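Chains as they are written, first to last, in the UniProt record's numbering: chain A, 1 to 228; chain B, 1 to 228. C-beta: ideal position from N, C-alpha, C; glycine also. Remember, predicted model here, so these are calculated numbers, not experimental data. Remarks on the structure that follows.
Number of protein chains: 2
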Amino acid sequence: MAATRPANPLALAVLVLLWERPMHPYEMSSTLRERRKEDSIKVNYGSLYSVVESLMKRGLIEATETVREGRRPERTVYAITETGGQVMVDWLVELLSTPKKEFTQFEAALSLAGALPPEQVIELLGQRLRNLRFQQKAAEAVFEEARSVGLPRLFMIETEFTVALQNAEIAFVEHLLHDLRDETLGGFGMWRRIHELRRDGVAPGEIEAKIAAEFPDELVFAQHDENH
Amino acid sequence: MAATRPANPLALAVLVLLWERPMHPYEMSSTLRERRKEDSIKVNYGSLYSVVESLMKRGLIEATETVREGRRPERTVYAITETGGQVMVDWLVELLSTPKKEFTQFEAALSLAGALPPEQVIELLGQRLRNLRFQQKAAEAVFEEARSVGLPRLFMIETEFTVALQNAEIAFVEHLLHDLRDETLGGFGMWRRIHELRRDGVAPGEIEAKIAAEFPDELVFAQHDENH
DNA sequence: AGTCGAATATTCGACATCGAGTATTCGCCG
DNA sequence: CGGCGAATACTCGATGTCGAATATTCGACT
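Spelled out as structure tokens, the structure:
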């Protein structure tokens, strides 16, 4: 059978750390913290220990010794196995070369935003924009500081990436807000009307009928509705 | 106590659907499919049924009737409760107004890419770029088709959003690849040297020492290492 | 010598996730 | 009219997630 791997990217981080040198779990978490990898990989005690166990079961890492230093609790030191090294490489290859759809909460919220009235959505997106700009300022400051300390860019590409994505989000929200305020976005009138009717306590079925009558051109795509 | 909610955004989708009108779970999944929300919300049978149960336990939705149509298996129809309506609004408000850090696999991979030699990373990012461009073409075609069918833009904002993010990713990878090929990216020499030494079978501890000696200026930030 | 908080190091269990499996029925085609 | 594939509708359990709780030690300061 092919060597399987855990789903959690934290397991990849563990493999990479053990590829550098043997370590015990707590040291992994502090190393990741020191290198600021917490910002790009979700590290979490519970997950760390179960991910290590899961890597053990699959034979990708092995316990080499248990040390007792002073009277601290016992620490188990792990090392990567040969299979583990291969899995690490394969995993990195896949993640770097092959884009995979990932779902964000904001995307979900956008797709469900129709359940709030348009004016409120405009208001909320305005707030988001202010928050995003604030975060952006903060991120750039951190960035600048890291550079001034002499941290090579190589160690910050993942941060550059998230900054790039954030900028794209800012531009998107700005653009969307503009179109919403303009009321030029296709479907806007229908959206507002639905919420007016709901506010006035019109029943769901009746709303559907009214909307269909009032906005025939915006619903041409929905012919399948006639089946019911 | 404050009304809690499940963590899975699919639960929000369920609330929104039931806010529109009562439904049974399978109908939820097909409605989401029809509206192409699968692309922006991870829908998954297992999760759907457990999310519905979880919403029930919290009193955000309630079972109104169980219908048997023909000799199909029994279907339980659910409706949203008043509390559920409030939770839905609060949840949407939060997601729309407040950006929250989300971790992507690619970000994790970027931050761990140092475990592969630079030449390979360049090669892999080249592949990624080709894949991204291909996907982009496909997405734009879907988009164009939707518009030609008369689907109002309002129903596609979430798609516009992901397209914007994808474009940002393409630009980022292009830029990064350029800097890598140039070898202008700070830390590049060190990175290559580490992999040369590993390939030649030099021991981890020795590698660290050699690197520290050969690249003193790129490691000025790492003074904490002297503690060990 | 005492204590307080930060760091070290891990466990636990409630909860969530998800794909594969099961069972049924409808509709179409020959 | 019979059979087969697509659609309907849901269940199950192995696995994964994660924060809170636990327990200890170190160092700084009183």
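Excluding sequence positions up to five before and after Val202 of chain A, its CB lies within less than 8 Å of the CB of Lys210, all in the same chain and listed in chain order. Taking C-beta separations shorter than 8 Å and ignoring five residues to either side along the sequence, the partners of Gln136 of chain B in its chain run Val163, Gln166, Asn167 and Ile170, following chain order.
Spanning the alpha carbons of Phe143 of chain A and Leu60 of chain B requires a straight line of approximately 43 Å. For Val77 of chain B, the enclosing beta strand (DSSP E) begins and ends at Arg75 to Ile80.
At the C-beta level, Phe106 of chain B and Leu95 of chain A come within 8 Å of one another. Among the residues of chain A, those whose CB is under 7 Å from the CB of Arg21 of chain B are Pro204, following chain order. For Glu65 of chain A, the beta-bridge partners assigned by DSSP are A:Val77. Selection B:Leu124, B:Arg21 and B:Leu12 evaluated against Thr64 of chain B yields B:Arg21 as nearest (Cα-Cα). Contact note: Gln105 of chain B reaches chain A through Pro9, Leu95, Lys100 and Glu102, using a C-beta cutoff of 8 Å and chain order. About 52 Å separates the Cβ atoms of Pro118 of chain B and Trp19 of chain B, ruling out a contact at the 8 Å cut-off. Beta bridge pairing from DSSP links Met23 of chain B with B:Tyr78. When the alpha-carbon of Val16 of chain A is set against those of A:Gly46, A:Gln86, A:Tyr45 and A:Arg58, the nearest one is in A:Gln86.
Taking a Cβ-Cβ cut-off of 7 Å, the neighbours of Gln127 of chain A in chain B comprise Ser97, given in sequence order. Taking all protein chains shown into account, Tyr49 of chain B has fewer than 16 neighbouring C-beta atoms within 10 Å of its C-beta and is therefore exposed. Nearest to Glu53 of chain A by alpha-carbon distance, out of A:Asp217, A:Glu102, A:Val77 and A:Thr98, is A:Val77. If you draw a straight line from the Cα of Ala141 of chain A to the Cα of Leu32 of chain A, it is about 21 Å long. Restricting attention to A:Gly186, A:Ala139, A:Leu92 and A:Pro152, the CA atom closest to the CA of Phe155 of chain B is found in A:Gly186. Interface criterion met: the Cβ of Asn131 of chain B is under 8 Å from a Cβ in chain A. Taking C-beta atoms under 8 Å as the contact rule, Leu177 of chain B and Gly114 of chain B fail to qualify, at a distance of about 16 Å. Spatial neighbours of Arg128 of chain A in its own chain (CB-CB distance under 7 Å, excluding positions within 5 residues in sequence) are listed in chain order as Val173. Around the beta carbon of Gly205 of chain B, fewer than 16 other beta carbons sit within 10 angstroms, so the residue counts as exposed. Among the residues facing chain A, Leu48 of chain B is not included, as its CB has no counterpart in that chain under 8 Å away. Around Ser40 of chain B, the beta-carbon contacts reaching into chain A at under 8 Å are Phe103, Glu107, Ala108, Leu110 and Ser111. Interface residue (Cβ-Cβ distance to chain A less than 8 Å): Arg58 of chain B is not classified as such. The contact set of Met88 of chain B on chain A, defined by CB atoms closer than 7 Å, consists of Ala115 in chain order. Leaving aside the five residues that flank Leu180 of chain B on each side, the residues in its chain whose CB is nearer than 6 Å to its CB run, in chain order, Ile122.
Contact of Glu218 of chain A with chain B by beta-carbon distance below 8 Å involves Gly150 and Pro152. With 16 or more other Cβ atoms from the protein chains shown falling within 10 Å of its own Cβ, Glu158 of chain B counts as buried. Taking CB atoms only, Leu185 of chain B has a neighbour in chain A less than 8 Å away. Here Thr83 of chain A is exposed: its Cβ has fewer than 16 other Cβ atoms, across all protein chains shown, within 10 Å.
The C-beta distance from Ile41 of chain B to Ala13 of chain B rounds to 5 Å, short enough to fall under 8 Å. In the DSSP assignment, Lys210 of chain A falls within the alpha helix (DSSP H) that extends over Pro204 to Glu214. Its Cα nearest to that of Leu112 of chain A, the residue B:Val89 stands out among B:Thr81, B:Leu110 and B:Val89. If you look at Phe103 of chain A, you'll find it isn't in any alpha helix (DSSP H); DSSP assigns it neither H nor E.
In this structure, Pro99 of chain B keeps its C-beta atom at 8 Å or more from the C-beta atom of Val51 of chain B. Across the set A:Leu197, A:Ala213, A:Pro216 and A:Ala146, the C-alpha of A:Ala146 shows the shortest separation from the C-alpha of Arg35 of chain A.
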